[in-house]
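The block underneath contains the structure these notes are about, expressed in structure tokens.
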């Protein structure tokens, strides 16, 4: 890791100047788990958001898309209920949550970003949420062990938080992010929900540039099950509280900021795949030797989303033919005789037929919990990488009984 | 059913004049199951084929694409090995099979259609196959219980054959088809392999027209796991042996022929989905109220291929939000407030929010082994229907250990 960018062990949102957070079990989830979280900003912040491309957008997404244009003072998330497919009533519920936050924290309701995640198509329990907000407003400054990150989880098995400190001779600031997501993971906005906080001093336009460039290679390059949800959103908020000289152009300081944001986004995205519903393996799929990025991306996603490829990973079966097959139906122009296929560094296929690789060597790689599949199309020099999982019995179990 | 088109109980390929078939266990499959089949044609026939759109085409597909332009005398299929991703050697193996058939049956090798299905990337056991062909050539006219249909199966649990008789005051002829397919089922050419035989007298151009129109709404409208294989192919062969007046224009007799071919194709396609790997449910997904067919198709496939939708079917969970979500990310323009969603005749969603339907009624429908999901987009009058399955633990089991 670049010496100027230092990994923070045990990061917490509070380590970023200007932000306070907490989370509680308000009673939305039947099982009594945490389900309501708030991040409160000491002062007005610039916020940036990217939202699901699904035509069916959840009510909080519609409200957040409006509010993100304003200066932001608070962020609300509930899990256990997505407030999606709930019509005008659901939209009003999301607005009313903002108003509750506004009243409890004494800020304009239009400076609140509301987010919801969980089951689709049920009305929010608004009284439960109202009481929860009042409760949180009283403990927002109390020390807590990332209860906000805990509160945004649904089928996640692990809390997902990652942070770095940018430290030079002249200044230091932090970039810390958290995310939730495990199923319905697919670009665009594979995150389900992602939040990145920084206290760097940076102009709105430069922060926006760094935000957008970092998402494509992180949250937009992972897949668990190919479903794009109604609620997927990712955000960046800057408090501008640190002591760095304001970043207003694409100079070296900007590059450092961009790198830090990219690093946090990538690690969070990777954590989501690692925690993919039922997943036992994290597989990096790189397609290289493509004529252009679009081709490389399309081919990589074709492999990374194939049920048959993912099931073979689960079975630890070196059924490489399914990968060549998925390249073949990806829709890109390609010829089998140009393709080379590797598991880690083991070459399995070239000149249109299998090499004389040792089956035991291939099995050894597939038995690992993390490995890499590389497909060289042999027709250019562009590449793209996607992270995916295996497809397992546990995925079926989790999703067959999700609502019950 | 139209009185002129009569269902044949216990159909067999031999019931179509001019065709003889048989199948054996030649030793390609380790488990000793049937794996080699031949259909022999008494005289030269017109043949029509549609092949996988996968850029990685198996060797027999490449050979068949050439040979189908000739008059056809025989059809060869082996299961247990797909002869795909086998390079030039594999191509030569496919040609040599045609030559073996040519020699054993005393016909030109260019009049043979070879087909293979099974594991990708392994060379065919050519000596085993050669011996099998000699054996079959000796028993090709012997009565047998559809051993050819048995020989083309891989992970299929059931033999798939369906046939009708077209009977008018003036003439009668048969249309009988068989297919294999269970996984890697997705258009184009969802069939894996499908063969339709008829003894109707019909011009090449009219038979071709009927063939192509029937495939779109049958083999091209089913999905099991979203994977399009390297070997998918479907064929129609006409022996012209019946006593009907030659069909040479789009008259009423042609319509009858087209309807019969369409019926056989649809039933075979449906049988493939019904026997989908691990499937416990057959679900018809109709998207109607679309502006055009393309939109309807795209939306229907988005629902029919969603892992989350299919897993909810398996769990018999009325998680209808996942269906609305899949419409939302299908890429078609739509507004939630226009959408209506039904399970059979039960309306679950309209005006952008759930109706006050009874959860027990929805569960009752989902507990059936066959039911229908209808999505009305509310923006036009075009519709499309796709057949799909649930996604189950058994699918994972079958495909995780396929090669072992």
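Protein chains in written order, with this note's numbering: chain A, 1298 to 1701; chain B, 1298 to 1701.
We treat Cβ as the ideally placed atom computed from N, Cα and C, and that holds for glycine.
Owing to the predicted nature of the structure, the values given are computational and were not obtained by experimental measurement.
_Here's a check: name, in chain order, each residue in its chain whose Cβ is nearer than 8 Å to the Cβ of residue 1409 of chain A, leaving out the five neighbours to either side._
Here the question's residue 1409 of chain A lines up with position 112 in the first chain. Same-chain partners within the cutoff: 1364, 1369, 1370, 1371, 1372, 1373, 1394, 1395, 1398, 1399.
*residue 1663 of chain B - DSSP class collapsed to helix/strand/coil*: In the second chain, residue 1663 of chain B corresponds to position 366, counting from 1. In the structure shown, residue 1663 of chain B sits in a helix (DSSP, three-state: H, G or I).
*Would you mind listing the beta strand (DSSP E) stretches within the stretch 1363-1405 of chain B that are 3+ residues and don't spill past its ends, in chain order?*
Complete beta strand (DSSP E) runs here, min 3: 1369-1378.
*When you compare each of A:1309, A:1566, A:1546 to residue 1498 of chain A by their alpha carbons, which one comes out closest?*
Within the first chain, residue 1498 of chain A is the residue found at index 201, counting from 1. Between residue 1498 of chain A and the set A:1309, A:1566, A:1546, the nearest pair of CA atoms involves A:1546.
*Flag residue 1352 of chain A as yes if its beta-carbon sits less than 8 Å from any beta-carbon of chain B, otherwise no.*
On the first chain, residue 1352 of chain A is found 55 positions in, with the first residue counted as 1. Yes, contact with chain B.
*Please confirm if residue 1725 of chain A has its CB atom under 8 Å from at least one CB of chain B.*
With chain A covering only 1298 through 1701, there is no way to say anything about residue 1725 of chain A.
_Under 9 Å from the C-beta of residue 1383 of chain B: neighbouring residues of chain A_ = One-based indexing of the second chain puts residue 1383 of chain B at position 86. Residues of chain A passing the Cβ test: 1649, 1650, 1651.
*beta strand (DSSP E) containing residue 1533 of chain B: first to last residue?*
Locating residue 1533 of chain B in the second chain gives position 236, counting from the first residue. For residue 1533 of chain B, the enclosing beta strand (DSSP E) has its first and last residue at 1530-1535.
*In chain order, what residues of the stretch 1620-1648 of chain A put their CB closer than 9 Å to some CB of chain B?*
Cβ contacts with chain B: 1621, 1622, 1623, 1624, 1625, 1626, 1627, 1628, 1629, 1630, 1631, 1632, 1633, 1634, 1636, 1645, 1646, 1648.
_Where residue 1468 of chain B sits in the DSSP three-state scheme_ = Here residue 1468 of chain B refers to the residue found at position 171 of the second chain. If DSSP states are grouped into helix, strand and coil, residue 1468 of chain B belongs with coil.
*Quick one: which chain A residues come within Cβ less than 9 Å of residue 1417 of chain B?*
Locating residue 1417 of chain B in the second chain gives position 120, counting from the first residue. The answer, in chain order, is 1616, 1617, 1618, 1619, 1621, 1622.
*asked:* Would you say residue 1601 of chain A lies against chain B (beta-carbon separation less than 8 Å)?
replied: Residue mapping note: residue 1601 of chain A aligns to position 304 of the first chain, counting from 1. Answer no: the Cβ-Cβ gap between residue 1601 of chain A and chain B never drops below 8 Å.
*Cβ distance (whole Å) where residue 1378 of chain B is taken to contact residue 1333 of chain B below 8 Å*: Counting from one through the second chain, the residue named residue 1378 of chain B turns up at place 81. Counting from one through the second chain, the residue named residue 1333 of chain B turns up at place 36. Their Cβ separation, rounded to whole angstroms, is 11 Å, which puts residue 1378 of chain B and residue 1333 of chain B out of contact at 8 Å.
*What residues of chain B sit near residue 1688 of chain A, judged by a beta carbon separation below 7 Å?*
Numbered from 1 along the first chain, position 391 holds the residue referred to as residue 1688 of chain A. Neighbours of residue 1688 of chain A on chain B, chain order: 1693.
*Have a look at A:1684, A:1634, A:1639 and flag the residue whose alpha-carbon is nearest the alpha-carbon of residue 1601 of chain A.*
Numbered from 1 along the first chain, position 304 holds the residue referred to as residue 1601 of chain A. Out of A:1684, A:1634, A:1639, A:1684 has the C-alpha closest to the C-alpha of residue 1601 of chain A.
*Residue-level contact to chain B via CB, residue 1302 of chain A, 8 Å cutoff*: Within the first chain, numbered from 1, the residue matching residue 1302 of chain A stands at position 5. Chain B, which has no Cβ nearer than 8 Å to the Cβ of residue 1302 of chain A, makes this no.
*Contact between the stretch 1375-1390 of chain B and the stretch 1310-1318 of chain B: three or more CB pairs below 8 Å?*
When C-beta atoms of the stretch 1375-1390 of chain B are compared with those of the stretch 1310-1318 of chain B, fewer than three pairs fall below 8 Å, so the two segments do not count as touching.
*Test item: CB-CB of residue 1585 of chain B and residue 1667 of chain B under 8 Å*: Taking the first residue of the second chain as position 1, residue 1585 of chain B is located at position 288. Taking the first residue of the second chain as position 1, residue 1667 of chain B is located at position 370. Going by C-beta atoms, residue 1585 of chain B is not nearer than 8 Å to residue 1667 of chain B.
_In this structure, how does DSSP classify residue 1668 of chain A when only helix, strand and coil are distinguished?_
Counting from 1 along the first chain, the entry for residue 1668 of chain A is found at position 371. The answer is strand: DSSP assigns residue 1668 of chain A an E or B state.
_Residues of chain A with CB closer than 9 Å to the CB of residue 1265 of chain B, please, in chain order._
Because residue 1265 of chain B is not part of the residues shown, which for chain B are 1298 to 1701, the question remains open.
*Which of the residues in the stretch 1421-1452 of chain B, read from start to end, lie with their CB under 8 Å from any CB of chain A?*
Listed by position, the residues of the stretch 1421-1452 of chain B near chain A (Cβ gap below 8 Å) amount to none.
*How about residue 1495 of chain B and residue 1472 of chain B: do their beta carbons lie closer than 8 Å?*
Taking the second chain and counting its residues from 1, one reaches residue 1495 of chain B at position 198. Taking the second chain and counting its residues from 1, one reaches residue 1472 of chain B at position 175. Between residue 1495 of chain B and residue 1472 of chain B, the CB-CB gap stays under 8 Å.
_Distance cutoff 8 Å, beta carbons only. Does residue 1454 of chain B sit that close to anything in chain A?_
Working through the second chain from its first residue, we reach residue 1454 of chain B at position 157. Not an interface residue.
*Would you say residue 1527 of chain A faces chain B, with C-beta separation under 8 Å as the test?*
To locate residue 1527 of chain A, count along the first chain from 1; it is residue 230. Answer yes: the Cβ-Cβ gap between residue 1527 of chain A and chain B drops below 8 Å somewhere.
*residue 1492 of chain A, DSSP secondary structure in three states*: By 1-based counting over the first chain, the position of residue 1492 of chain A is 195. In the structure shown, residue 1492 of chain A sits in a strand (DSSP, three-state: E or B).
*From which residue to which residue does the beta strand (DSSP E) around residue 1582 of chain A run?*
Within the first chain, residue 1582 of chain A is the residue found at index 285, counting from 1. Taken as a continuous stretch (DSSP letters only), the beta strand (DSSP E) holding residue 1582 of chain A covers 1579-1587.
_Short Cβ contact (8 Å threshold) for residue 1654 of chain B with residue 1645 of chain B_ = Counting from 1 along the second chain, the entry for residue 1654 of chain B is found at position 357. Counting from 1 along the second chain, the entry for residue 1645 of chain B is found at position 348. Going by C-beta atoms, residue 1654 of chain B is nearer than 8 Å to residue 1645 of chain B.
*Would you kindly report the start and end of the unbroken alpha helix (DSSP H) that includes residue 1606 of chain B?*
Here residue 1606 of chain B refers to the residue found at position 309 of the second chain. Bounds of the alpha helix (DSSP H) holding residue 1606 of chain B are 1604-1611.
*Euclidean distance between Cα positions of residue 1485 of chain A and residue 1606 of chain A*: In the first chain, the residue the question calls residue 1485 of chain A occupies position 188. In the first chain, the residue the question calls residue 1606 of chain A occupies position 309. Legend: pLDDT at residue 1485 of chain A = 41, less than 50; position of this residue unreliable, value from coordinates given subsequently. Those two C-alpha atoms are separated by around 22 Å.
_Which residue marks the beginning of the beta strand (DSSP E) containing residue 1561 of chain B, and which one marks its end?_
Position 264 of the second chain, counted from the first residue, corresponds to residue 1561 of chain B. Segment 1549-1571 is the alpha helix (DSSP H) holding residue 1561 of chain B; no beta strand (DSSP E) there.
*Is it right to say residue 1660 of chain A is buried, meaning 16 or more other beta carbons lie within 10 angstroms of its own, or is it exposed?*
As a first step, residue 1660 of chain A must be located in the first chain, where it is residue number 363. Residue 1660 of chain A is classed as exposed because its beta carbon has fewer than 16 other beta carbons within 10 Å across all chains shown.
*Measure from the alpha carbon of residue 1392 of chain A to the alpha carbon of each residue in A:1419, A:1417, A:1362, then state which is nearest.*
The residue given as residue 1392 of chain A occupies position 95 in the first chain. Distances from the CA of residue 1392 of chain A to each of A:1419, A:1417, A:1362 were compared; the closest alpha carbon is that of A:1362.
*residue 1332 of chain B in three-state terms, based on DSSP*: Your numbering for residue 1332 of chain B matches position 35 in the second chain. Residue state, collapsed to three classes: coil.
*Would you report the Cα separation of residue 1636 of chain A and residue 1621 of chain A, rounded to the nearest angstrom?*
By one-based count along the first chain, residue 1636 of chain A stands at place 339. By one-based count along the first chain, residue 1621 of chain A stands at place 324. Put simply, the backbone Cα of residue 1636 of chain A is about 8 Å away from that of residue 1621 of chain A.
*asked:* For residue 1308 of chain B and residue 1458 of chain B, what's the separation of their Cα atoms in angstroms?
replied: Locating residue 1308 of chain B in the second chain gives position 11, counting from the first residue. Locating residue 1458 of chain B in the second chain gives position 161, counting from the first residue. The alpha-carbon of residue 1308 of chain B is positioned some 7 Å away from that of residue 1458 of chain B.
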